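Chains as they are written, first to last, in this note's numbering: chain A, 37 to 140; chain B, 1217 to 1353.
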């Protein structure tokens, strides 16, 4: 029973990733693609958890953490890139008299 | 009075349907969130589907993995707990940053009736109409 439900969950998660892939390919704006890529990363974590349950091993759990960290960092970097912003914002500097030669 | 092996067998007999149902609930929630990502008309609605239900689905799957390793291997996995906490913290942050970047770069809203953020952003010197025309270099 457990193996059957794990297999069904694996198939359903693969369908979810395929649906997100459609949005990555088609998405009208850049932010659509980033949203879908983030969801693909989150679903990948679930797939790795299901696989490690299926094979009854604990060797894949580090991979789960790594994929989570990489998906989050990639989403933050992409969002900052399309916003044309800086990675760390300094709120105390006034926007008007900011000198361009100072590195932000 | 039951012996220890009988207790362990009983725990496994109870735990197997719990783990199966949690895995299935998580997978079905992930499919629903993918359906929302495909069908919603707007970036902001799509990020609503992607952030909430996908996170809940992954939390269900990871909880079932934690229960699985606890019941069958007698091993309390700190890495799975760390994964649960990490997904729970980072998914809303990523969704918020993404929606903020989408609004500020001028991605159109679906059925816009009143936009109170636009004049507030213009006071800070950020114009989303101008940002829409600038290409990404």
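Note that beta-carbon positions come from the ideal geometry of N, C-alpha and C, so glycine has one too.
Quick caveat: nothing in here was measured; it's all calculated off a predicted structure.
Enclosing alpha helix (DSSP H) for residue 1293 of chain B [first to last residue]: Locating residue 1293 of chain B in the second chain gives position 77, counting from the first residue. No residue range can be given for residue 1293 of chain B, since it is assigned to no alpha helix (DSSP H) and is classified by DSSP as neither H nor E.
Specify whether the segment 1261–1273 of chain B and the segment 72–79 of chain A touch according to this definition: at least 3 beta carbon pairs, one from each stretch, less than 8 Å apart. When Cβ pairs closer than 8 Å are counted between the two stretches, the segment 1261–1273 of chain B is seen to touch the segment 72–79 of chain A, the count reaching three or more.
Checking contacts by CB at 8 Å: is residue 1234 of chain B closer than that to chain A? For the purposes of this step, residue 1234 of chain B is identified with residue 18 of the second chain, where counting begins at 1. Cβ-Cβ to chain A under 8 Å: no for residue 1234 of chain B.
Chain-ordered residues of the segment 58–73 of chain A with a beta carbon less than 7 Å from chain B: Those would be 58, 59, 65, 67, 68, 70, 71, 72, in chain order.
Thinking C-alpha only, which one of B:1254, B:1342, B:1293, B:1320 is nearest residue 59 of chain A? Along the first chain, read from residue 1 onward, the residue named residue 59 of chain A stands at position 23. Of the listed residues, the one whose Cα sits closest to residue 59 of chain A is B:1254.
Run through chain B and tell me which residues come within less than 7 Å of residue 89 of chain A, C-beta to C-beta. Here residue 89 of chain A refers to the residue found at position 53 of the first chain. By Cβ distance, chain B contributes 1281, 1284.
Neighbour-count burial assignment, residue 1242 of chain B, 16 or more Cβ in a 10 Å radius: Stepping through the second chain from its first residue, residue 1242 of chain B is reached at position 26. Counting Cβ neighbours within 10 Å, residue 1242 of chain B comes out buried, since at least 16 surround it.
Within 10 Å of its beta-carbon, does residue 102 of chain A have 16 or more other beta-carbons around it, so buried, or fewer, so exposed? Position 66 of the first chain holds residue 102 of chain A. By the 16-neighbour rule on beta-carbons within 10 angstroms, residue 102 of chain A is exposed.
Within 8 Å (strictly less), CB to CB, does residue 124 of chain A reach chain B? Along the first chain, read from residue 1 onward, the residue named residue 124 of chain A stands at position 88. By this cut-off, residue 124 of chain A is not an interface position.
Once the 5 residues before and after residue 1273 of chain B are set aside, which same chain residues still bring their CB inside 6 Å of it? Along the second chain, read from residue 1 onward, the residue named residue 1273 of chain B stands at position 57. Closer than 6 Å at Cβ, skipping near neighbours: 1242, 1245, 1246.
Do we get a CB-CB distance below 8 Å when we pair residue 1336 of chain B with the residues of chain A? By 1-based counting over the second chain, the position of residue 1336 of chain B is 120. Cβ-Cβ to chain A under 8 Å: no for residue 1336 of chain B.
Report the option in A:61, A:126, A:69 whose CA atom is closest to the CA atom of residue 1259 of chain B. By one-based count along the second chain, residue 1259 of chain B stands at place 43. Ranking the options by Cα distance to residue 1259 of chain B, first place goes to A:69.
Flag residue 1344 of chain B as yes if its beta-carbon sits less than 8 Å from any beta-carbon of chain A, otherwise no. Taking the second chain and counting its residues from 1, the one referred to as residue 1344 of chain B is at position 128. So no, residue 1344 of chain B is outside the interface.
Run of the alpha helix (DSSP H) containing residue 142 of chain A, from where it starts to where it stops: Since the first residue of chain A shown is 37 and the last is 140, residue 142 of chain A is not available in this structure.
Selected residue, minimal CA-CA separation from residue 118 of chain A, among B:1285, B:1321, B:1251, B:1277: Position 82 of the first chain holds residue 118 of chain A. Taking only the C-alpha atoms, the option nearest residue 118 of chain A is B:1321.
Quick check on residue 95 of chain A - is its C-beta less than 8 Å from some C-beta in chain B? The count along the first chain starts at 1 and reaches residue 95 of chain A at position 59. Not one chain B Cβ lies under 8 Å of residue 95 of chain A.
Just tell me which of B:1226, B:1261, B:1270, B:1283 has its CA closest to the CA of residue 89 of chain A. Position 53 of the first chain holds residue 89 of chain A. Selected option, being the one with the closest Cα: B:1283.
Is it buried or exposed, residue 83 of chain A, if we count other Cβ atoms within 10 angstroms and call 16 or more buried? Position 47 of the first chain, counting from 1, holds the residue named residue 83 of chain A. By the neighbour-count criterion, in which 16 or more other beta carbons inside 10 Å mark a residue as buried, residue 83 of chain A falls on the buried side.
So, at 8 Å on beta carbons, what are the nonlocal neighbours of residue 1334 of chain B in its own chain, with the 5 sequence-adjacent residues on each side left out? Against the second chain, residue 1334 of chain B aligns to sequence position 118. Excluding sequence neighbours, residue 1334 of chain B sits near 1344.
Determine the chain A residues that contact residue 1253 of chain B at a beta-carbon separation under 8 Å, and present them in chain order. In the second chain, counting from the first residue as 1, residue 1253 of chain B sits at position 37. Those are 55, 56, 59, 71, 72, 75, listed as they occur along chain A.
Please confirm if residue 99 of chain A has its CB atom under 8 Å from at least one CB of chain C. In summary, chain C is missing from the structure at hand, where the protein chains are A and B.
Exposed unless 16 or more other CB atoms sit within 10 angstroms - verdict on residue 92 of chain A: Working through the first chain from its first residue, we reach residue 92 of chain A at position 56. Exposed, by the Cβ-count rule.
Residue 1328 of chain B in three-state terms, based on DSSP: For the purposes of this step, residue 1328 of chain B is identified with residue 112 of the second chain, where counting begins at 1. Residue state for residue 1328 of chain B is assigned as coil, using DSSP reduced to three classes.
Go to residue 1252 of chain B, then tell me how far its alpha helix (DSSP H) extends in each direction, as first and last residue. Here residue 1252 of chain B corresponds to residue number 36 of the second chain, with the count starting at 1. Per DSSP, residue 1252 of chain B belongs to the alpha helix (DSSP H) from 1220–1255.
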